[in-house]
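**Q**
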Amino acid sequence: MQSTSSARAHTNIALIKYWGKKNQELIIPTTSSLSLTLDRFYTDTKVTFDDKLTADTFYLNHQQMVGPIADKTFAFLKLIRQQAQIDTFATIESINHVPTAAGLASSASAFAALAGAGSKAAGLTLTKQALSRLARRGSGSAARSIFGGFSEWHAGDNDLNSFAHPIQENVTMDIQMITVVVDAHEKKITSRMGMQHALLTSPFYQTWVNEAAKDLVAMKAAIVSNDFKALGTLAENNALQMHSLNLSAKPGFTYFNGSTLEILDLVQNLRKQQILAFATMDAGPNVKIIAQSKDTATIIDILKQAFPHVQVEIAKPGHGLIYLD
Ligand code: ADP
Ligand code: DP6
Ligand code: CO
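At position 153 of the sequence shown the residue is numbered 153 (the UniProt record's numbering), and the sequence of numbers has no breaks.
1. Tell me whether the beta-carbon of Lys224 lies closer than 9 Å to the beta-carbon of Ile263.
2. DSSP on Glu169, reduced to helix/strand/coil?
3. Around the ligand DP6, what residues have a beta-carbon under 5 Å from a heavy atom of it, in chain order?
4. Which residue comes first and which comes last in the alpha helix (DSSP H) that contains Ser5?
5. What do you reckon, are the CB atoms on Ala121 and Val47 nearer than 9 Å?
6. Near Phe58, which residues of its chain fall below 6 Å by C-beta distance, leaving aside the five closest residues on each side in sequence?
7. Does the distance from the CB of Ala101 to the CB of Ala142 come in under 9 Å?
8. Which one of Asn23, Asn96, Gly156 and Gln176 has the shortest CA to CA distance from Gln63?
9. Mind listing, in chain order, the continuous beta strand (DSSP E) runs of no fewer than 3 residues lying wholly within the stretch 58 to 136?
10. Once you ignore the five residues that flank Thr4 on each side, which residues in its own chain have a CB closer than 6 Å to its CB?
11. Can you check the UniProt domain "Mvd1 C-terminal" (178 to 310) for any alpha helix (DSSP H) of at least 4 residues that lies completely inside it and give the ranges in chain order?
12. Using the Cα positions of Gly320 and Ile146, report the straight-line distance between them to the nearest angstrom.
13. If you draw a straight line from the alpha carbon of Glu313 to that of Leu303, how long is it in whole angstroms?
14. Report, in whole angstroms, the separation of the C-beta atoms of Thr45 and Ala7, which I expect to be a contact under 8 Å.
15. Could you check whether the Cβ of Lys78 sits closer than 8 Å to any heavy atom belonging to the ligand ADP?
16. Could you check if Tyr18 is buried or exposed, using at least 16 other CB atoms within 10 Å of its CB as the buried criterion?
17. Please go through the same chain and pick out, in chain order, the residues whose beta-carbon is closer than 6 Å to the beta-carbon of Ala110, but skip the five residues on each side of it.
18. Is any non-hydrogen atom of the ligand CO found closer than 8 Å to the C-beta of Ala70, if you look at the structure I gave you?
19. Within the present structure, is the beta-carbon of Ala105 separated from the nearest heavy atom of the ligand CO by less than 8 Å?
20. May I ask you to list the residues that DSSP assigns as paired with Ser35?
21. Following the continuous beta strand (DSSP E) through Asn158, name the residue where it begins and the one where it ends.
22. Below 8 Å, is the gap between the Cβ of Asn96 and the nearest heavy atom of the ligand ADP?
23. Leaving out five residues on either side along the sequence, give the residues of the same chain with a beta carbon under 7 Å from the beta carbon of Phe41.
24. Can you tell me whether Lys288 sits near the ligand ADP, meaning its C-beta is under 8 Å from at least one heavy atom of the ligand?
25. Is Lys187 a contact residue of the ligand ADP, with contact defined as CB to any heavy atom under 8 Å?
Following this line, the structure appears as structure tokens:
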């Protein structure tokens, strides 16, 4: 017997970041986070359970994967099998329309798509909340990619109450993200390792937890009142606070490179010229510029003049998980 399902999930970029877990096995975060799902970057994943298979297999971008990347997906299949009470092996075929492990949230779209396709192929019918809880077990940020637009991952404190929910799926604010790829290589320090090291060794970690709670309240108010400037100011500040945890860890480290800082400087200078633009960075050197549609062409012009070699894309708010069959 064979059972197949395909799903598409988009990446999301956090405006209020998740950076640390209070439970590593269950992926329960220390703080709640809030993101914008993007239309431009996504993962398509097909899962086929088949009685005839004798092992799980994982293909990423048409290449068979072995080692830790494959093992993570097999551990995830195990969770699905437990829920569905089956013991059939599966083949996963996934295509990333986003650079993998470069700080553009491939793990978010990847595990949201795998949760969708895998659970459906296994015969489960899950609510979006249950899908978000399941996706979370693959990668925390994936919990938010089940939903479109602005999505909040409520931290909770156990497997049942840690999941994302939509804040505003159809975004009313004029907001876009310009992704500036200065380096698409895979990061040396995964998000998983980086956040745990910061949590264990930065003396500022508890302050981050306290500040994040306040930032989240203010961010939700900015969304409700359509206040782009407040949203951008909060997002840039929250991202810099997250990265300061890494710099203050022992030993300290950073995902930034020289170009990251130069682009950050350019964005801050745009504001002096009355162009409202804000930067956010994740676990990688690439910068996401938060901007309004009326300004994106000007910003890209200025960016291209200063950095002719960077790869620039415009992303708009995207929708949540969809099934392709
Ligand atoms: P990113 O910034 O891209 O989210 P992470 O370090 O958080 O980087 O996650 C990258 C990891 O996510 C990869 O090493 C791999 O384990 C997993 N991943 C990425 N894309 C896929 C995919 N399409 N299917 C399954 N796992 C994936
Ligand atoms: C900086 O979700 O990739 O992008 O849960 O260990 O898989 P794991 O980590 P991941 O971390 C994302 C970190 C971030 C901020 C964010 O997306 O909230
Ligand atoms: Co990730």
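Heads up, the beta-carbon is just placed ideally off N, CA and C, and yes, glycines get one too.
**A** Walking through what the data contain:
1. Position 224 of the sequence shown holds residue 224. Position 263 of the sequence shown holds residue 263. Note on identity: in this sequence residue 224 is Val, with Lys being the wrong assignment. No, they are not a contact pair.
2. For the purposes of this step, residue 169 is taken as the residue at position 169 of the sequence shown. Here Glu169 sits in coil by DSSP.
3. Ala14, Lys17, Tyr18, Ser33, Ser107, Ser139, Gly140, Ser141, Ser191, Arg192, Asp282 and Ala283
4. The residue labelled residue 5 in the question sits at position 5 within the sequence shown. Note, Ser5: premise wrong, no alpha helix (DSSP H); beta strand (DSSP E) at Gln2 to Ile16.
5. Within the sequence shown, the letter at position 121 stands for residue 121. Within the sequence shown, the letter at position 47 stands for residue 47. Cβ distance < 9 Å, so Ala121 and Val47 count as in contact.
6. Here residue 58 refers to the residue found at position 58 of the sequence shown. Result list for Phe58: Met65, Ala70, Thr73 and Ile92, in chain order.
7. Taking the sequence shown and counting its residues from 1, the one referred to as residue 101 is at position 101. Taking the sequence shown and counting its residues from 1, the one referred to as residue 142 is at position 142. No, the pair does not count as a contact, with Cβ atoms beyond the cut-off.
8. Position 63 of the sequence shown holds residue 63. Checked all of Asn23, Asn96, Gly156 and Gln176; the closest Cα to Gln63 is Asn96.
9. 90 to 97
10. Mapped onto the sequence shown, residue 4 falls at position 4. Around Thr4: Thr48 and Ala121.
11. 191 to 201, 205 to 224, 228 to 247, 258 to 272 and 293 to 306
12. Here residue 320 corresponds to residue number 320 of the sequence shown, with the count starting at 1. Here residue 146 corresponds to residue number 146 of the sequence shown, with the count starting at 1. Approximately 5 Å between the Cα atoms of the pair.
13. As a position in the sequence shown, residue 313 is number 313, starting the count at 1. As a position in the sequence shown, residue 303 is number 303, starting the count at 1. About 12 Å.
14. Looking up residue 45 in the sequence shown gives position 45. Looking up residue 7 in the sequence shown gives position 7. Indeed, because the Cβ distance is near 6 Å, the residues count as touching under 8 Å.
15. One-based indexing of the sequence shown puts residue 78 at position 78. Because no heavy atom of the ligand ADP lies under 8 Å away, the Cβ of Lys78 does not count as near it: no.
16. Residue 18 sits at position 18 when you count from the first residue of the sequence shown. It counts as buried.
17. Residue 110 sits at position 110 when you count from the first residue of the sequence shown. Excluding sequence neighbours, Ala110 sits near Thr43.
18. For this step, residue 70 is matched to residue 70 along the sequence shown. The answer is no for Ala70.
19. For the purposes of this step, residue 105 is taken as the residue at position 105 of the sequence shown. Checking the Cβ of Ala105 against the ligand CO gives yes.
20. Taking the first residue of the sequence shown as position 1, residue 35 is located at position 35. The partner list for Ser35 (beta bridge, DSSP) reads Ala14 and Ser151.
21. Indexing the sequence shown from 1 puts residue 158 at position 158. Asn158 -> no beta strand (DSSP E), and no H or E assigned at all.
22. On the sequence shown, residue 96 is found 96 positions in, with the first residue counted as 1. Answer for Asn96: yes, Cβ within range of the ligand ADP.
23. Along the sequence shown, read from residue 1 onward, the residue named residue 41 stands at position 41. Result list for Phe41: His10, Thr11, His97, Val98, Leu104, Ser109 and Ala315, in chain order.
24. By one-based count along the sequence shown, residue 288 stands at place 288. Flag unset: Cβ of Lys288 not near the ligand ADP.
25. Locating residue 187 in the sequence shown gives position 187, where the first residue counts as 1. Lys187: yes, Cβ under 8 Å from the ligand ADP.
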